[in-house]
Structure formats: structure tokens, C-alpha cells
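Position in the sequence shown (from 1) plus 68 gives the number in our numbering. Glycine included, C-beta positions come from ideal geometry on N, C-alpha and C. Note that the coordinates shown come from a computational prediction; the quantities given were computed from them, not determined experimentally. Structure first, then comments.
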Amino acid sequence: AAELYGEMLAAAGRYEDAVSAYKRALNWVPNRTPSIVGMIAAASGSEDHALADQMRSKIMQTPGINLDQFAPFIESSLAQNIN
């Protein structure tokens, strides 16, 4: 539920609130890929580049994950951090 709430908050542009929701989601299920990916977007949107980088690093180190499906999203959030 917290993950979905994070998605809704991020879609509404409430990135700081979305970060809080994703933190709650990750407390319940640590290392859940959709929550980590959502956290990357929310952190990027709230300009918390350190958190976005931390989550990006975490997902890149997750064993057995198919990074190809998330690579475009992760790269686009990197581009947002540069601008």
C-alpha cells in the first residue's frame, strides 16, 4: 500500500512525500525492486541526489535482477540529476 501511495504522490508532483512513502514500503519489504525504482524517481524529483544515487547503487548491486528492464528509467533519472 505504501508503494502505491508513493507512486500516486510522485505522479502528483509531491516528491518529498513520495520519498517518505517509499521509505515506509522499503521498511516493510527491504530491497523490493519497484520500491527502489520508485524511490529513485521520487528522490530525483525532490532533488535529493544523494538518496537517488544511493538507491541507484543499491539496485545495480541486486543479484539476479534484470537491469535491462529498468535501465531506461534509471538513465532518465540520471539525466534529470544533471539538468
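According to DSSP, is residue i part of a helix, a strand, or is it coil?
i      : result
Ala80  : coil
Ile127 : helix
Asn134 : coil
Ala70  : helix
Asp121 : helix
Going by other Cβ atoms of all chains shown within 10 Å of its Cβ, with 16 needed for buried, is residue i buried or exposed?
i      : result
Gly81  : exposed
Ile71  : First, the residue type needs correcting, since residue 71 is Glu and not Ile in the sequence shown. Result: buried.
Gly84  : It is worth fixing the name first, because residue 84 is Glu in this sequence and not Gly. That one is exposed.
Ser125 : exposed
Val87  : buried
For the alpha helix (DSSP H) holding residue i, just list the boundary residues, first then last.
i      : result
Ala109 : Thr101 to Gly113
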